[in-house]
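Q: Protein sequences, first through last, are from chains A and B.
Sequential numbering of the first sequence, starting at 3, is according to my numbering.
Sequential numbering of the second sequence, starting at 2, is according to my numbering.
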Amino acid sequence: MSQLNSKHLLGIKDLTREEIELIFDTADNFKDVINRPIKKVPSLRDVTIANVFFENSTRTRLSFELAEKRLSADVINFSSSSSSVKKGETLLDTVNNILAMKVDMIVMRHGSPGAPHFLAKHIDANIVNAGDGTHEHPTQALLDTFSIREKFGSLDGKKVVIVGDILHSRVALSNIFALKKLGAEVMVCGPITLLPKHIESLGVKVELDVKKALEWCDIANVLRIQLERQQIKYFPSLREYSLYYGINKQLLDSIDKEITIMHPGPINRGVELNSDVADSENSIILDQVENGVAVRMAVLYLLAGKRNNLQ
Amino acid sequence: MLTNLVMQKRLLLDPKRLQITIDRLCHQLIENHQDFSESVILGMQPRGIYLAERIVARLKEIIGNDIPLGYLDTTFYRDDFRRRDQPLKPNETKVPFIIENKKVILIDDVLYTGRSVRAALDAMIAFGRPHKVEFLVLIDRLYTREIPVEANYIGKKVNTLQSQKVLVELSEQGSEEDNIWLMNIEQ
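Following this line, the structure appears as structure tokens:
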């Protein structure tokens, strides 16, 4: 197989294992490209991409923009805070106006789950979901699993625990789908108030005690507490959360094995992760960021490469 | 009867002739590059790399030097991206040396439209500015060029139709013996 089944990347749920592996194999080549003296290839020189961000983002937006530029695409950026969305324009109108300027692909982050799926039904351009509310963040899961594959060779049989705010995390859901499809075992760990009901129906283990979770796993993917999505109090205080669920060197030293630490960023140092862990040798957090560009290049390349895009 | 015609294939080079041709190409290279101290060889992915490996091995037998060998993949530099039914799968690029100011010998198995070489020139320039670039090809399909490029070293020139293709079977690619065929494209 040398192409994706869909012209959009909306979520990991719709991808097959073969498609994910195709993205990885392609990303291997792009990782080589971005480590050359000239980090740019001309593949997407006739493609225009709009990055449409209705929610804040640093890493994802920069990473997409770099990926696009290294593929020689033309890039325009849009963020809702400085746009006519504030004047009452609908999502579909906003996007159709962007497309009227001859844009071929839309990379969108939106606060509402399903927003990119809605767009995919109504417009012709390729759509890449860069995070939709608490639903999915497919490219983050791809770069996370790509980073694990890079370190361990394969994900088959690897034990991965996702720690933290699972309830509000699109990274968690996309990661669960990706990890399961690639043959890893998955556990989620966090305060019971931050674990979605019936999460075990996705085929994941549930653990409330972070020490037991760490003893079980090979890799810990630590998530940020998303205070901006929490309308009610899910735990008494950040200090208490940190005491019970924060990962520090002392905790890791008390466990007799090496655990690889991941974090999708941004890190709240001292809350979910201490600096002595985040900056340690076992952390692959910055590898994740580097791989993010290569993986996004692969996704854009594969989506843009379909013949039916060219009229 | 008709099926037989469609399946017809003609032998262009047998193992013995291929060996003679490779030997000749090597000696032509030596004429121009002497001890290869300022020269590097780039095999074009996916199929040019086997011929490149063979030429490097044979050159070592003749002159005793190890000549730097790299693999160049042109997938991301092709001009038919978004114009094919599906994107091509990229192959590994491995250029473990500096090509700045070197004499680069690009090697591919078949020269047809010339578009791959054009992409290869673009891909190569991402690694620096060579002093000089030459192109070596085993089979040159005459009168089929869509881009004005020609090879400096040619194994064999062949008259072909558009409905034909050149099949290069080398033992490194899993064939029993080395044979180069001209055959009709199956409909």
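Just so you know, even glycine gets a beta-carbon here, dropped at the ideal spot from N, CA and C.
Here the structure is a predicted model, which means the values were calculated and not measured.
Following the continuous alpha helix (DSSP H) through residue 125/B, name the residue where it begins and the one where it ends.
A: Position 124 of the second sequence holds residue 125/B. Segment 116-126, the alpha helix (DSSP H) holding residue 125/B.
Q: Would you list the one or two residues that DSSP bridges to residue 112/A?
A: The residue labelled residue 112/A in the question sits at position 110 within the first sequence. BP columns for residue 112/A point to 134/A.
Q: Helix, strand or coil: how does DSSP classify residue 295/A here?
A: Along the first sequence, read from residue 1 onward, the residue named residue 295/A stands at position 293. Taken through DSSP and simplified to helix, strand or coil, residue 295/A comes out as helix.
Q: State the start and end residues of the unbroken alpha helix (DSSP H) segment that holds residue 27/B.
A: Within the second sequence, the letter at position 26 stands for residue 27/B. Per DSSP, residue 27/B is one residue of the alpha helix (DSSP H) stretching across 16-34.
Q: With a CB to CB cut of under 8 Å and the five nearest residues on each side skipped, what residues in its chain are close to residue 280/A?
A: Mapped onto the first sequence, residue 280/A falls at position 278. Taken in chain order, the residues that qualify are 263, 265, 269, 271 and 287.
Q: So residue 39/A contacts chain B; which residues on that side make the cut at Cβ distance below 9 Å?
A: The residue you call residue 39/A lines up with position 37 of the first sequence. Under the 9 Å cutoff, chain B gives 127, 128 and 129.
Q: Is the CB of residue 69/B under 8 Å away from at least one CB in chain A?
A: On the second sequence, position 68 is the one that residue 69/B refers to. It does not; no Cβ of chain A falls within 8 Å.
Q: Helix, strand or coil: which one does DSSP assign to residue 156/B?
A: For this step, residue 156/B is matched to residue 155 along the second sequence. The answer is strand: DSSP assigns residue 156/B an E or B state.
Q: Note down the Cα distance separating residue 62/A from residue 173/B, rounded to an integer number of angstroms.
A: The sequence position of residue 62/A within the first sequence is 60, counting from 1. The sequence position of residue 173/B within the second sequence is 172, counting from 1. Cα to Cα, the separation comes out at about 43 Å.
Q: May I have the straight-line CA-CA distance separating residue 80/B from residue 47/A, to the nearest angstrom?
A: By one-based count along the second sequence, residue 80/B stands at place 79. By one-based count along the first sequence, residue 47/A stands at place 45. So the alpha carbons of these two residues sit roughly 10 Å apart.
Q: Can you pull the chain A residues whose beta carbon is under 7 Å from the beta carbon of residue 82/B, in chain order?
A: Against the second sequence, residue 82/B aligns to sequence position 81. Within 7 Å Cβ-Cβ: 45 and 307.
Q: Taking only the alpha-carbon atoms, compute the straight-line gap between residue 194/A and residue 220/A and give it to the nearest angstrom.
A: If you number the first sequence from 1, residue 194/A lands on position 192. If you number the first sequence from 1, residue 220/A lands on position 218. Between residue 194/A and residue 220/A, the C-alpha separation is close to 23 Å.
Q: At a threshold of 7 Å, does residue 75/B count as lining the ligand COA (C-beta to nearest heavy atom)?
A: The ligand COA is not part of this structure, which contains no ligands at all.
Q: Could you give the residue range of the alpha helix (DSSP H) that holds residue 28/A?
A: Position 26 of the first sequence, counted from the first residue, corresponds to residue 28/A. Here the alpha helix (DSSP H) through residue 28/A covers 19-35.
Q: Going by Cα to Cα distance, which pick from 154/A, 82/A, 144/A and 18/A is closest to residue 260/A?
A: What you label residue 260/A is simply residue 258 of the first sequence in a count that begins at 1. Nearest option by C-alpha distance: 154/A.
Q: Give me the Cα-Cα distance between residue 105/A and residue 159/B, rounded to the nearest whole angstrom.
A: By one-based count along the first sequence, residue 105/A stands at place 103. By one-based count along the second sequence, residue 159/B stands at place 158. Their backbone Cα atoms lie some 45 Å apart in a straight line.
Q: Is the stretch 283-297 of chain A close to the stretch 234-242 of chain A, with three or more CB pairs under 8 Å?
A: no
Q: What did DSSP end up calling residue 42/A once you bin it into helix, strand or coil?
A: Position 40 of the first sequence, counted from the first residue, corresponds to residue 42/A. Three-state result, residue 42/A: coil.
Q: Can you give me the C-alpha to C-alpha distance between residue 312/A and residue 303/A, rounded to a whole angstrom?
A: Translated into the one-based positions of the first sequence, residue 312/A becomes position 310. Translated into the one-based positions of the first sequence, residue 303/A becomes position 301. Note that residue 312/A has pLDDT 49, beneath the 50 cutoff, so the model's placement of it is unreliable and no number is given.
Q: Taking a contact to mean a Cβ-Cβ separation below 8 Å, would you say residue 107/A touches residue 49/A in this structure?
A: As a working note, residue 107/A is residue 105 in the first sequence. As a working note, residue 49/A is residue 47 in the first sequence. Yes, the Cβ-Cβ distance between residue 107/A and residue 49/A is below 8 Å.
Q: Residue 111/A: buried (16+ other C-beta within 10 angstroms of its C-beta) or exposed?
A: Here residue 111/A corresponds to residue number 109 of the first sequence, with the count starting at 1. With 16 or more other Cβ atoms inside 10 Å of its own Cβ, residue 111/A counts as buried.
Q: Which one or two residues does DSSP pair with residue 223/A in a beta bridge?
A: In the first sequence, counting from the first residue as 1, residue 223/A sits at position 221. Looking at the DSSP assignment, residue 223/A forms a beta bridge with 164/A and 264/A.
Q: Helix, strand or coil for residue 142/B? Go by DSSP, reduced to three states.
A: Residue 142/B sits at position 141 when you count from the first residue of the second sequence. Looking at residue 142/B - three-state DSSP - the assignment turns out to be strand.
Q: Along chain A, which residues have their Cβ under 9 Å away from the Cβ of residue 89/B?
A: Taking the first residue of the second sequence as position 1, residue 89/B is located at position 88. Near residue 89/B (Cβ distances below 9 Å), the residues of chain A are 4 and 307.
Q: Relative to the alpha-carbon of residue 111/B, which residue among 28/B, 68/B, 152/B and 139/B has its alpha-carbon at the smallest distance?
A: Mapped onto the second sequence, residue 111/B falls at position 110. Of 28/B, 68/B, 152/B and 139/B, the residue nearest in Cα terms is 139/B.
Q: Identify the residues that DSSP records as bridge partners of residue 271/A: which are they?
A: For the purposes of this step, residue 271/A is taken as the residue at position 269 of the first sequence. According to DSSP, residue 271/A bridges with 275/A.
Q: Going by Cα to Cα distance, which pick from 88/B, 153/B and 91/B is closest to residue 105/B?
A: Numbered from 1 along the second sequence, position 104 holds the residue referred to as residue 105/B. It is 153/B whose Cα lies nearest to the Cα of residue 105/B.
Q: Check the Cβ-Cβ distances between residue 94/B and every residue of chain A, and say whether any is below 8 Å.
A: Residue mapping note: residue 94/B aligns to position 93 of the second sequence, counting from 1. For residue 94/B, the answer is yes, since a Cβ of chain A falls inside 8 Å of its Cβ.
Q: Please tell me whether residue 37/B has its Cβ less than 8 Å away from any Cβ of chain A.
A: Here residue 37/B corresponds to residue number 36 of the second sequence, with the count starting at 1. Residue 37/B does not count as touching chain A.
Q: Considering only the beta carbon of each residue, do residue 37/A and residue 80/A sit closer than 8 Å?
A: Within the first sequence, residue 37/A is the residue found at index 35, counting from 1. Within the first sequence, residue 80/A is the residue found at index 78, counting from 1. In this structure, residue 80/A does not lie closer than 8 Å to residue 37/A by Cβ.
Q: Between the C-alpha atoms of residue 73/A and residue 41/A, what's the straight-line distance to the nearest angstrom?
A: By 1-based counting over the first sequence, the position of residue 73/A is 71. By 1-based counting over the first sequence, the position of residue 41/A is 39. Rounded to whole angstroms, residue 73/A to residue 41/A spans 9 Å at the Cα level.
Q: Any C-beta of chain B within less than 9 Å: which residues of the stretch 132-152 of chain A qualify?
A: none
Q: At the level of alpha carbons, what is the spacing between residue 147/B and residue 161/B?
A: Taking the first residue of the second sequence as position 1, residue 147/B is located at position 146. Taking the first residue of the second sequence as position 1, residue 161/B is located at position 160. Each residue's CA atom was taken as its position, placing residue 147/B and residue 161/B some 15 Å apart.
Q: Is residue 88/B helix, strand or coil by DSSP?
A: In the second sequence, counting from the first residue as 1, residue 88/B sits at position 87. It is coil, neither helix nor strand.
Q: From the DSSP secondary-structure annotation, give me the bridge partner or partners of residue 81/A.
A: As a position in the first sequence, residue 81/A is number 79, starting the count at 1. Bridge partners of residue 81/A: 55/A.
Q: In the structure shown, what three-state DSSP assignment does residue 283/A receive?
A: Residue 283/A sits at position 281 when you count from the first residue of the first sequence. Here residue 283/A sits in coil by DSSP.
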